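One point on numbering: in UniProt numbering, the residue at position 343 of the sequence shown is 343, and numbering is uninterrupted.
Notes follow the structure.
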Amino acid sequence: MAIRIPNTMTGLVAAGCVLAALPLLIALLLAELALERVTQQTERLIDQGVAVSQLGDQMRDQLQNLERTIRQYLALQDPALLSLSDRRWNDLHHLIREIEAHQLDPDSARRASAIRHELAEARLDWQLGTAEAESMQEAVSRIQAVEPQVDTIRDTARQRIDERLAHVRRASRNARRDMLLSALTLIPLAALLAYLCSVAVTRPLRDLYRTIAALGHGRYSHPVSISFPREMRRLGDQLDWLRRRLAQLEADKDQFLRQVSHELKTPLASLREGADLLHEGSLGPLSPRQHEVAGILAESTVELESLISNLLAYAEWRSERRHAQRRWFDARPMLEELLALHMLPMAKRELRTQFHLSPAGVFGQRSQLRLALDNLLTNAIKHAPPGSVIEIETATPDNHCEISVRDYGRGVMDEEKKRIFEPFIRGTEAEERGIRGTGVGLSIVREVAQAHGGHVEVCDARPGARFVLRWPCPLPQHVDAVGVQHDAELSLAV
1 MAIRIPNTMT
11 GLVAAGCVLA
21 ALPLLIALLL
31 AELALERVTQ
41 QTERLIDQGV
51 AVSQLGDQMR
61 DQLQNLERTI
71 RQYLALQDPA
81 LLSLSDRRWN
91 DLHHLIREIE
101 AHQLDPDSAR
111 RASAIRHELA
121 EARLDWQLGT
131 AEAESMQEAV
141 SRIQAVEPQV
151 DTIRDTARQR
161 IDERLAHVRR
171 ASRNARRDML
181 LSALTLIPLA
191 ALLAYLCSVA
201 VTRPLRDLYR
211 TIAALGHGRY
221 SHPVSISFPR
231 EMRRLGDQLD
241 WLRRRLAQLE
251 ADKDQFLRQV
261 SHELKTPLAS
271 LREGADLLHE
281 GSLGPLSPRQ
291 HEVAGILAES
301 TVELESLISN
311 LLAYAEWRSE
321 RRHAQRRWFD
331 ARPMLEELLA
341 LHMLPMAKRE
351 LRTQFHLSPA
361 GVFGQRSQLR
371 LALDNLLTNA
381 IKHAPPGSVI
391 EIETATPDNH
401 CEISVRDYGR
411 GVMDEEKKRI
421 FEPFIRGTEA
431 EERGIRGTGV
441 GLSIVREVAQ
451 AHGGHVEVCD
461 ARPGARFVLR
471 WPCPLPQHVD
481 AVGVQHDAEL
491 SLAV
C-alpha cells in the first residue's frame, strides 16, 4: 500500500511531530521491555530461592521434631506418639516433594532425591522398629544423616540466589547500556526525521520566497507552481494570477508608452518644421522679437523630440529586459560610444573624463547597462562645474559588479538621496540653477539595478557626488587581453 503524504500544512506539521517522536517512543518501549524482563527475572529468582530456603528450614525443623518424637516414643512407649510420628513422616514427604518441584541445580536435585530415598528407608526402619528397638535406632541414625544434606540444599539455594542476583545485576547493567546505545542511535534518527519534515514544510515557503523576489524584480516569465501543501497551493495559484496580471500591466504600459510616443512624433515633426521655417525666415522677415521667439520654439521642439526618443528607447528597453541575456563583456567600447554621443555638451563645458576599468569586464545585459550609464553620465554632465573632471569606474568586488560615476559639483543633500531615484523628482540644485530635465533618468538607473538584482545609491564625494550601481555577478571565467589593460587610469580630453 502506498504511503500518502499529507497535503495540508497542518497534516505535514502533525506528521512531522509523530515521525520525530516515533524513535523516542520506540526507545522508551524497548527500555520498558528490558526493565520488565529484568524485574521478572529478579522476582522469579528471589521467590524460588526464598521458597527453597524456607522449605529447607521447615524440613530441618520437621526432622528434629521427628527425631525428638521417636526418642520420646522409645522412652515412653506412648501409642499417641506413633500417630504423631506418622503425621511428621507425611509432612517430611510433602516437603521433599515441594523441594524437588523447584528448579534445582543438578547436585541439589540429586541430594533431594537421595534424601527422599533415605527418608523412605528410615520410615521403613521406623515401621519395623515398633517391634524391634534396633530398627528404631537405625531410623534415628538415618534421620540424623539426612539433616546435613538438607542444610547443604538450603545453603546451595542461598548461594544460587546470590549467583543469580549477580547475573541479574549484570543483565541490568547490560540493559542500561543497551538503552543508552538505543538513545544514542535513535535520538539522531529523530533529529534527522525532524529535519526532513522541516524541509518538507519549509521548501514550499522557500519557493514562495523566490517567487515573490522574482516578481519584485520584474521577472514574470516563470509560472508559479507549488504542488503541496494544499494551503500553499492555493496561495501559489493566487501568486500565479498576480504574476499574469502584473505581466499584462507591464505589457499594457509598454504599449501605451510606444503608442503615445509614436502619436506625438507626427505633430511634433510638423511643429519642428514650422518653427525651423519661422526661425530661418522662409515665411517672411521677422522682427527681432519674433526671431527670438522662433528660436525658443525651435530649441524647445528639439528638446521635446529628444524626450520622446528617450521615451521610445525606455519603452523598448522595458520590452527587451524580460528576455535579455546576461554575459561578461568589455566595458571600454560601451564607454567610448557614450563619450562620443556626449562630445558636444562636454566640449561646450570643457569637461574631461577619467575612468578605471576592471580587468574582468562587466557582467549583465549590455543594452540595459548602457542605458543606465548614459543617464548617469548625462546627470554628471549637467551638474559638473565647467572645466572639471568626471570619473567613471568599473569594479568586481566580492562577487559583485560596480559602475560608479563621480562629478565635482555641489553634491546631493542628505534628505534628497532617496527621493532623487523616484520618477519625475528633480534635485534642489537643478531647480535653483534651471537645469533642464524630466526627472526620469535616475529612476531608469534604479530600474536597471533592480532588474539585475542590485541597487543604486549616491555617496558623498566631497566635493561632488558619486553614484554607484552595484549588482551580484558570477565569478569571471576569463579575462580578455584587452581588459587586462583597463586597470590603468585613462584620461580623455574632449
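Cβ coordinates follow ideal geometry from the N, Cα and C atoms, glycine included.
Bear in mind the structure is a predicted one, so any value in this text is a computation, not a measurement.
Exposure of residue i, with buried meaning 16 or more beta-carbon neighbours within 10 Å
{"i": "R256", "result": "According to the sequence displayed, residue 256 carries Phe and not Arg. Classification for F256: exposed."}
{"i": "C17", "result": "exposed"}
{"i": "residue 502", "result": "Because the chain here runs from 1 to 494, residue 502 falls outside it and cannot be looked at."}
{"i": "A384", "result": "buried"}
{"i": "A131", "result": "With a pLDDT of 48 at A131, under the threshold of 50, the predicted position of this residue should be treated as unreliable, and no value is reported."}
{"i": "D237", "result": "exposed"}
{"i": "M413", "result": "exposed"}
{"i": "V456", "result": "buried"}
{"i": "I296", "result": "exposed"}
{"i": "H452", "result": "buried"}
{"i": "T202", "result": "exposed"}
{"i": "residue 527", "result": "Here the chain covers residues 1 to 494 and nothing more, so residue 527 does not appear."}
{"i": "V50", "result": "exposed"}
{"i": "G434", "result": "Per-residue confidence for G434 stands at a pLDDT of 46, beneath the threshold of 50, marking its modelled position as unreliable; no derived number is given."}
Own chain partners of residue i with C-beta closer than 7 Å, once the 5 adjacent residues on each side are dropped
{"i": "L475", "result": "N399"}
{"i": "A214", "result": "H222"}
{"i": "S443", "result": "F421, E422, P423"}
{"i": "R210", "result": "none"}
Coil, strand or helix - residue i by DSSP
{"i": "L357", "result": "coil"}
{"i": "H400", "result": "strand"}
{"i": "H262", "result": "helix"}
{"i": "A395", "result": "strand"}
{"i": "E457", "result": "strand"}
{"i": "V468", "result": "strand"}
{"i": "R352", "result": "strand"}
{"i": "R154", "result": "helix"}
{"i": "G295", "result": "helix"}
{"i": "V224", "result": "coil"}
{"i": "D178", "result": "helix"}
{"i": "G218", "result": "coil"}
{"i": "D407", "result": "strand"}
{"i": "R230", "result": "helix"}
{"i": "G274", "result": "helix"}
{"i": "G387", "result": "coil"}
Beta-carbon proximity list for residue i, same chain, < 8 Å, skipping 5 on both sides
{"i": "Q40", "result": "none"}
{"i": "L92", "result": "M59, Q62, L63, L66, L119"}
Sequence-distant residues of its chain with Cβ nearer than 6 Å to residue i (five each side left out)
{"i": "V389", "result": "R352, Q354"}
{"i": "R334", "result": "Here the sequence assigns Met to residue 334, which means Arg is not the residue at that position. For M334, where only same-chain residues beyond five positions count, the Cβ hits under 6 Å are R370."}
{"i": "S367", "result": "none"}
{"i": "A461", "result": "R406"}
{"i": "A183", "result": "A27"}
Member of the options whose CA lies at the smallest distance from the CA of residue i
{"i": "E305", "options": "G274, L277, L264", "result": "L264"}
{"i": "R164", "options": "Q48, I420, K417", "result": "Q48"}
{"i": "A298", "options": "L189, L278, T69", "result": "L278"}
{"i": "I187", "options": "F421, H356, A461, L25", "result": "L25"}
beta-carbon residue i near the ligand MG non-hydrogen atom, thresh 8 Å
{"i": "L371", "result": "Absence of the ligand MG is noted for the structure shown, with no ligands found whatsoever."}
Can at least three beta-carbon pairs, one atom from the region 360–377 and one from the region 391–409, be found at a separation below 8 Å?
Segments in contact, yes.
Pairs of beta-carbons, one from the region 140–158 and one from the region 56–75, closer than 8 Å: are there three or more?
The region 140–158 vs the region 56–75: in contact.
Are at least three pairs of beta-carbons, each pair with one atom in the region 402–412 and one in the region 457–470, less than 8 Å apart?
At 8 Å Cβ cutoff, the stretches touch.
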